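Heads up: the structure comes next, in structure tokens.
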Amino acid sequence: MCGIVGYIGSKDACPFLLSGLQRLEYRGYDSAGIATLRQSDNIRVTKVAGRVAELDAALQHKPMAGPLGIGHTRWATHGAATQDNAHPHLGGSAAVTLAHNGVIENYESLKSELVGKGYQFVSQTDSEVVAHLVAECLKEAQGDGAEPEVQHCVDAMQAAIARLRGTYGLVVMFREFPDLLIAARCGSPLVVGVGKQEQFVASDTSPLVGFTERIIYLADHQIAVIRPDNIQVLHRDHGRVRPDIQTLSSQSQDASLEGYEHYMLKEIYEQPQSIQNALRGRIDRDNATAKFGGLNLTTQQLRGIQRVILTGCGTSWHSALVGDYLIEELARIPVEVEYASELRYRNPPVDHDTVVFGITQSGETADTLAALREMKRKGHHTLAICNVIGSSIAQEADGGIYLHAGPEIGVASTKAFTSQLTVLSMLALYFGRLRHLSFEAGQRIITQLELLPQVVEQTLGCHKQVREIAAKYADASNFLYLGRKFNFPTALEGALKLKEISYIHAEGYPAAEMKHGPIALVDENTPSVFIVPQGTVYEKVLSNLQEVKARGGPVIAIVDHEDPQVTKLADDVIHIPEIEDFLQPIVASIPLQLLSYEIALLRGCDVDKPRNLAKSVTVE
Ligand code: M6R
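Here the working numbering is used: the first residue of the sequence shown is 18, the next is one more, and so on.
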């Protein structure tokens, strides 16, 4: 949550800061600001209560120059989205300027202490407390009348962060040192980009693309002391450490709209390719199984797994639910699905032959990270199913599987979801083949998996029809989404997509559960979306559909064959191609993604940046 950028070098900082903030805007977009400094000048700050485009416009009127600068795009936690609460924040009469990601849990006690010492606050944020605290520590480090030195700033940073409880990614400028930038990390990611006579900082790699390919991922409790021609990394417990300079992965390439109106639409249309990427190199036809390079478990350990825990949040939790059906059905291993936010505080009795998979697009979700850490602490092997290479979860897990879906920018997850399901299907096949699943069954599953990209491509052909259906229902205030077995999570995901981007209240349920309560919501103004492809539960879902029709509720049905029974009953029917039931959630999700997209457009909503949301949820 929130995006940070920093620049130090010989060029003007502003162009990098602004382009970086634009690329990070998906992390938070309720206010934005930058600060710059040049030799023998004061720190200049521009902040807006609005988006980066508004910051850009403000800077057209009031340009800011200087080869040192920091910037921030905010997702409000402490205090509303106002100009005063926007970052960067000044500390100690502007001796210190900083941008902060994360949450400082003990900010109130620190604030009263600083107020007692005469510091004045202009915002309600926890971040301004850090700015004043660093300024106070700087004063203490400098002592009376001493010449200011860079080492005083480093000492002040170390003293200040030693007093913080909570999470932070910080970039800090010091008025007396226009050739110094300090970055510090604890629980909130920061990457340093290494250039020639210039260095960059960002909260993920996207701002660095096109500026440098050499990067250092800061670890927790490290600070980077950054000068135009040199970077020193210090660790709280180990002192100076050698920075591990890595090469920016090609997957982090710049994500542009490429002619699409929105990232969400582009990402929906990318799914044939992203699914292909998830499959690439992972099918082993000769042994009728899948293969993964990074699980870091021996075959014997894999065979010994007695239980699997799948955890995640939001859409990734929905993937986990599908994973539950897949692994139990294909591999016969007991699976538990847990919200990461609950798992982190539970103390489930877990034996040693349990592996825990954290499913996450961003690899930065605070709850998922904390749940995996907790499971790891208890001795369990933790694995990540993750999209973002080098993200915190990818680095901290004991092993894992990358999705290779490419950057997902739209806040509503689409292609990451279908890639997660593709990977989980292969995982279930892999576990199954290590146990009872026959060679023939494995071959059949592989044939279906290999068909997926082309089946999804074909499914996208429903877009025009979905657009027409969206126009009929865009004014509804409530929607129900209903499906069973593999398509129960599909229903949950369909409902989440609609509420996230169109702000329509939507509920997903297992179709049969409806009569235990939600059926009370059915009336002529509440559309129900039924996922009713052929399969073992087809007849059952059809009965549930009839129950809704009997109560006058409009029905949109998703079917996978010419279905006279459904066609007779439903108000609108969307056809998807046939595929085996365990892959239906991937295919059936496509019209649901398009339906939300089209309805959100008709309602004039900001599809890629829906209100109150952010792409990476790095706070608890
Ligand atoms: O990056 P993650 O997959 O860990 O994110 C988890 C959720 O925050 C995320 O799926 C969220 O629910 C999306 N906005 C769904 O579209």
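Note that CB positions come from ideal geometry on N, CA and C, so glycine has one too. All figures in this text were calculated on a predicted structure; none of them were measured in a lab.
Asked: Closest by C-alpha distance to A272, when choosing among D254, P224 and D588; Found: P224
Asked: Proximal residues to R68 (C-beta, below 6 Å), its chain only, five neighbours per side dropped; Found: Y46
Asked: Ranges of the alpha helix (DSSP H) found wholly within the stretch 324 to 388, counting only runs of at least 4; Found: 331 to 348 and 357 to 360
Asked: Nearest residue (CA-CA) to M281, options T635, L618, E637 and S633; Found: L618
Asked: Segment limits, alpha helix (DSSP H) that includes G449; Found: K432 to R450
Asked: Own chain, CB closer than 7 Å to R361, minus 5 neighbours either side, in chain order; Found: D384, A387, A388 and E391
Asked: Burial state of G459 (16 or more Cβ within 10 Å); Found: buried
Asked: Residue burial classification, D540 (beta-carbon count within 10 angstroms, cutoff 16); Found: exposed
Asked: Residues of its chain near S519, where Cβ-Cβ distance is below 7 Å and the 5 sequence neighbours each way are ignored; Found: S613, I616, A617, R620 and C622
Asked: Segments assigned beta strand (DSSP E), at least 3 residues, entirely inside the stretch 252 to 323; Found: 256 to 258
Asked: Span separating the alpha-carbon of S430 from that of W92; Found: 18 Å
Asked: Distance cut-off 8 Å: K632 Cβ against heavy atoms of the ligand M6R; Found: yes
Asked: Cβ pair L85, L54 closer than 9 Å; Found: yes
Asked: Three-state secondary structure assigned by DSSP to T464; Found: helix
Asked: For H522, three-class secondary structure by DSSP; Found: strand
Asked: Enclosing alpha helix (DSSP H) for N561 [first to last residue]; Found: Y555 to A567
Asked: Under the three-state DSSP convention, the category R44 falls into; Found: helix
Asked: Within 9 Å, strictly: CB atoms of I463 and L446; Found: yes
Asked: Separation of L127 from R180, as counted between CA atoms; Found: 9 Å
Asked: Assigned exposure category for F644 - 16 Cβ within 10 Å defines buried; Found: This structure cannot speak to residue 644, because the chain is shown only from 18 to 637.
Asked: Bounding residues of the beta strand (DSSP E) (the contiguous stretch that carries Q56); Found: Taken as a continuous stretch (DSSP letters only), Q56 belongs to no beta strand (DSSP E), as it is neither H nor E.
Asked: Nonlocal neighbours in the same chain, by C-beta distance under 6 Å from N123, ignoring five residues either side; Found: R182
Asked: Run of the alpha helix (DSSP H) containing G133, from where it starts to where it stops; Found: Y124 to G133
Asked: Supposed close pair L609, G478 - CB separation, criterion 8 Å; Found: Contact flag wrong, Cβ pair sits at about 15 Å.
Asked: Selected residue, minimal CA-CA separation from D196, among I25, K514, T635 and P602; Found: I25
Asked: Which of helix, strand or coil DSSP assigns to Y185; Found: strand
Asked: Residues proximal to the ligand M6R by C-beta, any heavy atom closer than 5 Å; Found: C330, G331, T332, S333, T377, Q378, S379, T382, A429, S430 and V634
Asked: Distance, E125 Cα to I87 Cα; Found: 25 Å
Asked: Pick from N294, A433 and M174 that is closest to A148, judged by C-alpha positions; Found: M174
Asked: C-alpha gap between L630 and C19, whole angstroms; Found: 11 Å
Asked: Opening and closing residue of the beta strand (DSSP E) in which P195 lies; Found: F194 to C203
Asked: 8 Å contact criterion, which A422 and A401 should meet: CB distance rounded; Found: Going by Cβ atoms, the distance from A422 to A401 rounds to 14 Å, so no, they are not a contact pair.
Asked: Cut-off 7 Å between Cβ atoms - residues of its own chain near P165, not counting five sequence neighbours on either side; Found: Q159 and E193
Asked: CB contact flag (H89, H78, <9 Å); Found: no
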